[in-house]
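Below is one structure, written out as structure tokens, with a few remarks after it.
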Amino acid sequence: MLKIDNLHVRVGGKEILKGLTLAVKAGEVHAIMGPNGAGKSTLGNVLAGREGYEVTQGSVVYKGKNLLELEPEQRAAAGVFLAFQYPVEIPGVNNTYFLRAALNAQRKARAEPELDSMQFLKSVREKLRVLHISDDLMNRAVNAGFSGGEKKRNEIFQMALLEPKLAILDETDSGLDIDALRMVADGVNAMRDPQRAFVVITHYQRLLDYIVPDFVHVMVDGRIVESGDKSLALKLEEHGYAWIAERKLAGAA
Amino acid sequence: MNAALDKEAWRYSERAWNALHAQEFVAADAIAELLESLLERFDWPETRAHRIVFVNGETAAAVPGIRLRNGERLHLVFASVPGAQPTRWSLDLPITVDAGSAEIIEQHVGIGGADTLGELASRVRVGAGARLQVTTLSDLPDSVSLYRRENISLDASGEYASTHALFGGRFQRFDLDVAMNGEQASYAARGMFAPRGRQHIDVHLKAVHAARDSRSEVSWRGVADQRGRGILHGAITVAAGADGADAQLQTKNLLLSPHAEIDAQPVLEIYADEVKAAHGATVGQLDERALFYLRSRGVPLAAARNLLIAGFCREAFAEVGDAVLRSRLEDVLAARLPQATEIPE
Chain A
891 MLKIDNLHVR
901 VGGKEILKGL
911 TLAVKAGEVH
921 AIMGPNGAGK
931 STLGNVLAGR
941 EGYEVTQGSV
951 VYKGKNLLEL
961 EPEQRAAAGV
971 FLAFQYPVEI
981 PGVNNTYFLR
991 AALNAQRKAR
1001 AEPELDSMQF
1011 LKSVREKLRV
1021 LHISDDLMNR
1031 AVNAGFSGGE
1041 KKRNEIFQMA
1051 LLEPKLAILD
1061 ETDSGLDIDA
1071 LRMVADGVNA
1081 MRDPQRAFVV
1091 ITHYQRLLDY
1101 IVPDFVHVMV
1111 DGRIVESGDK
1121 SLALKLEEHG
1131 YAWIAERKLA
1141 GAA
Chain B
161 MNAALDKEAW
171 RYSERAWNAL
181 HAQEFVAADA
191 IAELLESLLE
201 RFDWPETRAH
211 RIVFVNGETA
221 AAVPGIRLRN
231 GERLHLVFAS
241 VPGAQPTRWS
251 LDLPITVDAG
261 SAEIIEQHVG
271 IGGADTLGEL
281 ASRVRVGAGA
291 RLQVTTLSDL
301 PDSVSLYRRE
311 NISLDASGEY
321 ASTHALFGGR
331 FQRFDLDVAM
341 NGEQASYAAR
351 GMFAPRGRQH
361 IDVHLKAVHA
371 ARDSRSEVSW
381 RGVADQRGRG
391 ILHGAITVAA
401 GADGADAQLQ
411 TKNLLLSPHA
421 EIDAQPVLEI
431 YADEVKAAHG
441 ATVGQLDERA
451 LFYLRSRGVP
461 LAAARNLLIA
471 GFCREAFAEV
481 GDAVLRSRLE
491 DVLAARLPQA
501 TEIPE
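Same order as they appear, the protein sequences are chains A and B.
My numbering applies: residue 891 is where the first sequence begins, and numbers increase by one.
My numbering applies: residue 161 is where the second sequence begins, and numbers increase by one.
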């Protein structure tokens, strides 16, 4: 589904990703862990199409297409979703209105029929119920005045409603209490599907207790230095990132 | 923001206005029959019984001074329609609220091709402890020019709370002069304008705190596109002895084209000692982070821009409690929204 090959990315003149290679198949959950500054969020932003990220080398192929050529909205319509680390507050824009515009724009781009407001609200209520989110969230402006936890819940709710094929969660767990963390994990687990893949970027192993990944990758200094199954996350938790750095040194010597 | 360099920029509108006045105009000879398309813009069932319609400055019956009682609601409509010749009208409306709480909805509409120059002066007096809530919506075709002057005097604990939306017109000027003459008088103005094309919208808000413990709060949003020009001159004076006054003035503005211009000029003059006063003005462009957020959810660029612009303007309507009125304002906003045609670099 997603093939990233030797990806080099510069941000503000500085090279952040230095030859990242990753392959994600439909149905898989990949966790990407790593210390601050490793380039984890850069990866999420590049995949979603944020401006200001200059790809100097390498390729990203999504469902057989060059993902890097697509506008952010085209990527969304093709099924790519990024749950933001810092969701943006947009005062004056109603959440319901925004999501209906987003969903229908995606459906239109895929040549699917648009949903009328009754169909849309039905779908909204269904997802809200499953995620145990109060519908008060829908009557407010997008993320405006939301607490940190509410913003992350809103990201997961958007993911549930938009039903992407490739969901990238950028440190969705950071700043969450245990209940909110569970809710995020339940949201992801409920959507696990042979047709859908997840890339879960996280700082801590904690989230992976609830979302059990098929693969764990450790990212250090712009590339993946170690890959394994879920036991790798446990080892990391025990030994810290320094352990990886030491092993790299030992391997190089 | 060029106004920072040119402090006299707001005066240019005086010249434009004088030039217009020099044109030949004649008075409207009759009240023309109103087109359905015009009628539906102001004919809301909720206000039908309390409505006065002026067509090119004239109305069916003479309107004496208006005195509003507690709970009364008045819908004033000023319509501009094409006539045989260009029309100039001028009206002077005295309005009084002695006691209790009243509401005025003031609406200016017009039909394309109406060549009118209107001048509306309202003198509003809000008595001790009385409250007047005002919503004005001016949505004009490019051929119409309008000058509104509203003079408001507030007695002790009198309150004037207002929301204003200005769209279109060849030339629009709106002066709101508020004198807080009584202790604890309070005045609030929220508003927005959205000049585009070659439209020129000029707003002068003046608040004078003449008594103790008076409060004023101004919050204005501007969006200019193409070669549109918006001016917001916000002056607050706190007179000597008006201790305990609280004056707030905030304006936020968006420029959607490199040729658009908004001059925001807050002016504070304070002659009293114990005063709380704050003002702030920003002029900027659309938030790139918000734009990316919307696009990453699948909203195409142009639609995402429009969502953000509308959301920015809609904040000006936050105090409009009446759902019907609010949705009317939002409908006009959606229809008149400046479409970003050129993306500023």
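Just so you know, even glycine gets a beta-carbon here, dropped at the ideal spot from N, CA and C.
| Chain-ordered neighbours of B:E475 on chain A, where CB pairs are closer than 8 Å | Mapped onto the second sequence, residue 475 of chain B falls at position 315. Those are P981 and G982, listed as they occur along chain A.
| task | Classify A:R1019 as helix, strand or coil using the three-state DSSP reduction. | result | The count along the first sequence starts at 1 and reaches residue 1019 of chain A at position 129. Of the three classes helix, strand and coil, the one that applies to A:R1019 here is helix, per DSSP.
| task | Mind checking which residues open and close the beta strand (DSSP E) that includes B:S305? | result | For the purposes of this step, residue 305 of chain B is identified with residue 145 of the second sequence, where counting begins at 1. It spans S305 to L314 - the beta strand (DSSP E) in which B:S305 sits, taken as one unbroken run.
| field | Check whether B:D511 and B:S379 have beta carbons under 9 Å apart | value | Residue numbering for chain B in the displayed model covers 161 to 505; residue 511 of chain B lies beyond these limits and cannot be assessed.
| message | Run through chain B and tell me which residues come within less than 7 Å of A:P1103, C-beta to C-beta. | response | By 1-based counting over the first sequence, the position of residue 1103 of chain A is 213. Neighbours of A:P1103 on chain B: none; closest Cβ ~23 Å, over 7 Å.
| message | Please tell me whether B:G471 and A:A1031 are closer than 9 Å, where the distance is taken between their beta carbons. | response | Looking up residue 471 of chain B in the second sequence gives position 311. Looking up residue 1031 of chain A in the first sequence gives position 141. A contact, by the Cβ cut-off of 9 Å.
| Short CB-CB distance (under 9 Å) between A:E1004 and chain B | Taking the first residue of the first sequence as 1, we reach residue 1004 of chain A at position 114. With 9 Å as the cut-off, A:E1004 does not count as an interface residue toward chain B.
| request: Take the Cβ of A:V1078 as the centre, count every other Cβ of all protein chains shown within 10 Å, and call the residue buried at 16 or more, exposed below. | output: As a position in the first sequence, residue 1078 of chain A is number 188, starting the count at 1. Counting Cβ neighbours within 10 Å, A:V1078 comes out buried, since at least 16 surround it.
| Positions along the segment 436-462 of chain B whose CB lies within less than 8 Å of some CB in chain A | D447, E448, R449, A450, F452, Y453, L454, R455, S456, R457, G458, V459, P460 and L461
| query | With C-beta atoms as the reference, is A:V1074 less than 9 Å away from A:L1051? | reply | Reading the first sequence from its first residue, position 184 is the one you call residue 1074 of chain A. Reading the first sequence from its first residue, position 161 is the one you call residue 1051 of chain A. In this structure, A:L1051 does not lie closer than 9 Å to A:V1074 by Cβ.
| message | Tell me the DSSP secondary structure of A:T986 in three-state form. | response | In the first sequence, the residue the question calls residue 986 of chain A occupies position 96. Correct three-state label for A:T986: helix.
| said: Judging by CA-CA distance, which residue of A:L1126, A:V1115, A:L897 and A:G927 is the nearest neighbour of A:G948? | reply: By one-based count along the first sequence, residue 948 of chain A stands at place 58. When only C-alpha atoms are compared, the closest one is A:L897.
| field | CA nearest to the CA of A:H1093, picked from A:A1080, A:A995, A:G1118 and A:A1123 | value | For the purposes of this step, residue 1093 of chain A is identified with residue 203 of the first sequence, where counting begins at 1. When each option's Cα is compared against that of A:H1093, the closest is A:A1123.
| Roughly how many angstroms separate the alpha carbons of B:A420 and B:H324, rounded to a whole number? | To locate residue 420 of chain B, count along the second sequence from 1; it is residue 260. To locate residue 324 of chain B, count along the second sequence from 1; it is residue 164. Their backbone Cα atoms lie some 21 Å apart in a straight line.
| message | Tell me the DSSP secondary structure of B:D203 in three-state form. | response | In the second sequence, residue 203 of chain B corresponds to position 43, counting from 1. Coil.
| Excluding sequence positions up to five away, which residues of its chain have a Cβ less than 6 Å from the Cβ of B:V237? | Position 77 of the second sequence, counted from the first residue, corresponds to residue 237 of chain B. F202, V213 and Q267, listed in sequence order.
| field | Burial state of A:N935 (16 or more Cβ within 10 Å) | value | For the purposes of this step, residue 935 of chain A is taken as residue 45 along the first sequence, with counting starting at 1. Classification for A:N935: buried.
| message | Run through chain B and tell me which residues come within less than 8 Å of A:F988, C-beta to C-beta. | response | One-based indexing of the first sequence puts residue 988 of chain A at position 98. Simply L454, R457, V459 and L467.
| field | Under 7 Å from the C-beta of A:A967: neighbouring residues of chain B | value | Working through the first sequence from its first residue, we reach residue 967 of chain A at position 77. What A:A967 touches in chain B: G458.
| Buried or exposed: where does A:M1109 fall if 16 or more other Cβ atoms within 10 Å of its Cβ makes it buried? | Position 219 of the first sequence, counted from the first residue, corresponds to residue 1109 of chain A. A:M1109 comes out buried.
| On the three-state DSSP scale, how would you describe A:P835? | Only positions 891 to 1143 of chain A appear in the structure, and residue 835 of chain A is not among them; the question remains open.
| said: Just to confirm before moving on: does the CB-CB distance between B:T276 and B:S305 stay below 9 Å? | reply: Start at 1 with the first residue of the second sequence, and residue 276 of chain B comes out as number 116. Start at 1 with the first residue of the second sequence, and residue 305 of chain B comes out as number 145. In contact: B:T276 and B:S305 (Cβ atoms closer than 9 Å).
| task | Under 8 Å by Cβ, that's how I've got B:P355 and B:R389 pegged, so tell me the actual separation to the nearest angstrom. | result | Here residue 355 of chain B refers to the residue found at position 195 when the second sequence is read from its first residue. Here residue 389 of chain B refers to the residue found at position 229 when the second sequence is read from its first residue. The Cβ separation is near 6 Å, so the contact holds.
| Quick one: which chain A residues come within Cβ less than 7 Å of B:G382? | The residue given as residue 382 of chain B occupies position 222 in the second sequence. What B:G382 touches in chain A: nothing, since even the nearest Cβ is about 14 Å away.
| message | Determine whether the beta carbon atoms of A:E961 and B:R455 lie at a separation below 9 Å. | response | Walking along the first sequence from the start, residue 961 of chain A turns up at place 71. Walking along the second sequence from the start, residue 455 of chain B turns up at place 295. Yes, the Cβ-Cβ distance between A:E961 and B:R455 is below 9 Å.
| Cα-Cα, which of B:P224, B:H364 and B:Y320 is closest to B:L326? | Position 166 of the second sequence, counted from the first residue, corresponds to residue 326 of chain B. Considering only alpha carbons, the answer is B:H364.
| query | For B:L467, which residues does DSSP report across the bridge? | reply | For the purposes of this step, residue 467 of chain B is identified with residue 307 of the second sequence, where counting begins at 1. None, per the DSSP bridge assignment.
| said: Counting only C-beta atoms, is A:Q1095 closer than 9 Å to chain B at any point? | reply: On the first sequence, position 205 is the one that residue 1095 of chain A refers to. No, because no Cβ of chain B sits closer than 9 Å to the Cβ of A:Q1095.
| said: Tell me which residues of the segment 921-942 of chain A have at least one Cβ-Cβ distance to chain B shorter than 8 Å, keeping chain order. | reply: A938, G939, R940 and E941
| task | Could you spell out where the beta strand (DSSP E) holding B:T219 opens and where it closes? | result | Here the question's residue 219 of chain B lines up with position 59 in the second sequence. Segment: none, B:T219 is in no beta strand (DSSP E) and carries neither H nor E.
| With 16 other Cβ atoms within 10 Å as the buried cut-off, status of B:E319 | Position 159 of the second sequence holds residue 319 of chain B. By the 10 Å Cβ count, B:E319 comes out buried.
| Spatial distance of A:R940 from A:K1012 (CA atoms) | To locate residue 940 of chain A, count along the first sequence from 1; it is residue 50. To locate residue 1012 of chain A, count along the first sequence from 1; it is residue 122. Each residue's Cα considered, the two are about 32 Å apart.
| said: Can you confirm whether B:F472, when its beta carbon is compared against all beta carbons of chain A, has any partner nearer than 9 Å? | reply: The residue you call residue 472 of chain B lines up with position 312 of the second sequence. So, interface residue.
| For A:F974, which residues in chain B fall below 9 Å Cβ to Cβ? | Within the first sequence, the letter at position 84 stands for residue 974 of chain A. Going along chain B in sequence order, the residues near A:F974 (Cβ under 9 Å) are Y453 and S456.
| query | Which residues in chain B sit within 7 Å of A:V978, going by Cβ to Cβ distance? | reply | Here residue 978 of chain A corresponds to residue number 88 of the first sequence, with the count starting at 1. Those are R449, A450 and Y453, listed as they occur along chain B.
| Going along the segment 1045-1066 of chain A in order, which residues come within less than 8 Å of chain B, judged by CB to CB distance? | Q1048 and L1052
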